[in-house]
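Trainee: Once you've had a glance at the structure underneath, I'll fire off some questions.
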Amino acid sequence: MKILTCPMNGPRNIDEFQSFGPVRAEPDPDRTADADWSRHLFRAENRRGIVIEWWRHVPSNYFFLAERDLVSNEIIRTFDASERRAQP
Amino acid sequence: MAASPVFPFMPGGAADGTRLPSGAVMLTDLTGSLRFGLKGGGSAGWLVSRGVPLPAVNRIGSWRGTRVLRLGNEDILLLAEGPDSALAELANTWHGATAPKGYSSWREEGWAWMRLSGPQAPQAMERLCALDLRADKFSAEDIAQTRVGNIEAVMVRSQAGFDVLFDVTASAYFARTVTAAARHCTDLLIDTEGHI
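Those protein sequences? They're chains L and G, same order as listed. Note that the UniProt record's numbering has the first sequence beginning at 1, numbered continuously upward. Note that the UniProt record's numbering has the second sequence beginning at 1, numbered continuously upward.
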């Protein structure tokens, strides 16, 4: 059983969670070239390394962030979304 | 106590004919009991303004015969503990109040409320829920928002055992799942026919 630690509910079976994909940049469509906007809409990044992703704990409907190694699939840490907003 | 039917009693519905287990593991349907939920911005502030003390997230408080379950910063569930509870009065006040006051999360219609009790209830719960529910790990003031019997649920301890709240449309499924778990974990008789 793979365990994911929810910042609000603690360690839980991974079955209790739903992934919402990586946190992405939010370009302004009025100030972005068509090619870049197209890339933003239709292309997904597929690289090796560390990614920050949105996850949801389903029973409590709580959304949070997880830092994950895309090669080893290790969850490095999980944290509340307010911590990301607090970063400069 | 005789086995009881599932609430609500909808002829021809999925729960029609379903009986709750009784005996060493007993399931009691409290879905008809008074409860009230608020969710969204302003919920916590409104309750505090009415004098309801709010506990930390995933903890349980108490107010005038009512259990106060803090499911999230702005997600609060109130369970009446008996006829002396002030919850009905509070809910009436909320309906007449002006915003900001959060919005009703329809806990009284959308959720079933069942109580698992009996001498073998902890053993049955071991088969229904993956969490460590020993008394020193899961106290009477703790809330577990998790899966019970493979469905999303809010679970707390009650004096008799465990209270589980979940989607009301899964009532019949939950009753059958608890019955199966009870039969697997005990040699004692589990009755769904009302014989004991």
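Don't be surprised by glycine CBs; every beta carbon is placed ideally from N, CA and C. If you're wondering where the values come from, they're calculated on a predicted model, not measured in any experiment.
Kindly indicate which residue of G:Ala144, G:Glu74 and G:Trp113 has the alpha-carbon position closest to the one of Val6 of chain G.
Mentor: G:Trp113
Trainee: Which same chain residues, not among the five before or five after Pro29 of chain L, have their C-beta less than 7 Å away from its C-beta?
Mentor: Trp37
Trainee: Quick check on Lys137 of chain G: buried or exposed, where buried means 16 or more other Cβ atoms within 10 Å of its Cβ?
Mentor: Around the beta carbon of Lys137 of chain G, a 10 Å sphere encloses fewer than 16 other beta carbons of the protein chains shown; the residue is thus reported as exposed.
Trainee: Less than 6 Å between C-beta atoms, sequence neighbours within five positions excluded: which residues of the same chain meet that for Leu165 of chain G?
Mentor: Trp111, Trp113 and Val154
Trainee: For Arg123 of chain G, tell me which candidate among G:Cys185, G:Ser43 and G:Arg70 has the shortest Cα-Cα distance.
Mentor: As written in the sequence, residue 123 of chain G is Gln, which differs from the Arg given in the question. The shortest Cα separation from Gln123 of chain G among G:Cys185, G:Ser43 and G:Arg70 belongs to G:Cys185.
Trainee: Anyone know if the C-beta pair for Ile60 of chain G and Arg67 of chain G falls short of 9 Å?
Mentor: Yes, these two residues count as a Cβ contact at 9 Å.
Trainee: State yes or no: is the beta carbon of Ser19 of chain L nearer than 9 Å to at least one beta carbon in chain G?
Mentor: no
Trainee: For Ala153 of chain G, go through chain L and note every residue whose CB falls closer than 8 Å to its CB, in chain order.
Mentor: Pro59
Trainee: State yes or no: is the C-beta of Val58 of chain L within less than 9 Å of the C-beta of Glu26 of chain L?
Mentor: Cβ atoms of Val58 of chain L and Glu26 of chain L: not closer than 9 Å.
Trainee: Since Gly102 of chain G contacts Leu38 of chain G with CB under 8 Å, what's their CB separation in whole angstroms?
Mentor: 4 Å
Trainee: By the DSSP assignment, the alpha helix (DSSP H) with Ala182 of chain G in it spans what residues?
Mentor: Counting along the chain, the alpha helix (DSSP H) containing Ala182 of chain G begins and ends at Ser171 to Cys185.
Trainee: Scan the segment 27-55 of chain G and note each continuous alpha helix (DSSP H) run of 4 residues or more that stays entirely inside, going in chain order.
Mentor: 43-49
Trainee: Can you list, in chain order, the residues of the segment 60-80 of chain G whose Cβ is nearer than 9 Å to any Cβ on chain L?
Mentor: Listed by position along the chain: Leu71, Gly72 and Asp75.
Trainee: Got a sec: is the Cβ-Cβ distance from Thr93 of chain G to anything in chain L below 9 Å?
Mentor: Not one chain L Cβ lies under 9 Å of Thr93 of chain G.
Trainee: Run through DSSP, which three-state label would Thr146 of chain G get?
Mentor: strand
Trainee: Distance check for Asn46 of chain L and Asn150 of chain G, CA to CA, integer angstroms please.
Mentor: 33 Å
Trainee: Is it the case that the segment 41-49 of chain G contacts the segment 80-87 of chain G, given that we only count it when at least three CB pairs across the two stretches are under 8 Å?
Mentor: In short, these stretches do not touch, since the Cβ pair count stays below three.
Trainee: Identify the contact partners of Val57 of chain G in chain L, using a Cβ-Cβ distance below 8 Å as the criterion.
Mentor: Met8
Trainee: Run the CB neighbour count on Leu27 of chain G, radius 10 Å, all protein chains shown included, and call it buried at 16 or more, exposed below.
Mentor: Around the beta carbon of Leu27 of chain G, 16 or more other beta carbons lie within 10 angstroms, which makes this residue buried.
Trainee: Using a Cβ-Cβ cut-off of 7 Å (strictly less than) and excluding sequence neighbours within five positions of Ser33 of chain G, which residues of its own chain qualify?
Mentor: Ala80 and Trp113
Trainee: Do we get a CB-CB distance below 9 Å when we pair Leu30 of chain G with the residues of chain L?
Mentor: The Cβ of Leu30 of chain G sits no closer than 9 Å to any Cβ of chain L.
Trainee: Are Glu53 of chain L and Arg31 of chain L closer than 9 Å when you measure CB to CB?
Mentor: no
Trainee: Suppose only complete runs of 3+ residues qualify. What are the beta strand (DSSP E) ranges in the segment 106-139 of chain G, listed by chain order?
Mentor: 111-117
Trainee: Please list the terminal residues of the continuous alpha helix (DSSP H) segment that includes Asp34 of chain L.
Mentor: Asp34 to Phe42
Trainee: According to DSSP, is Ala15 of chain G helix, strand or coil?
Mentor: coil
Trainee: Any residues in the segment 129-141 of chain G with a beta carbon nearer than 7 Å to a beta carbon of chain L? Which ones, in chain order?
Mentor: Ala130
Trainee: Should Arg12 of chain L be flagged as near chain G, meaning a C-beta pair shorter than 9 Å?
Mentor: Judged by the 9 Å Cβ criterion, Arg12 of chain L is in contact with chain G.
Trainee: Tell me which residue opens and which closes the beta strand (DSSP E) that Leu77 of chain G is part of.
Mentor: Asp75 to Ala80
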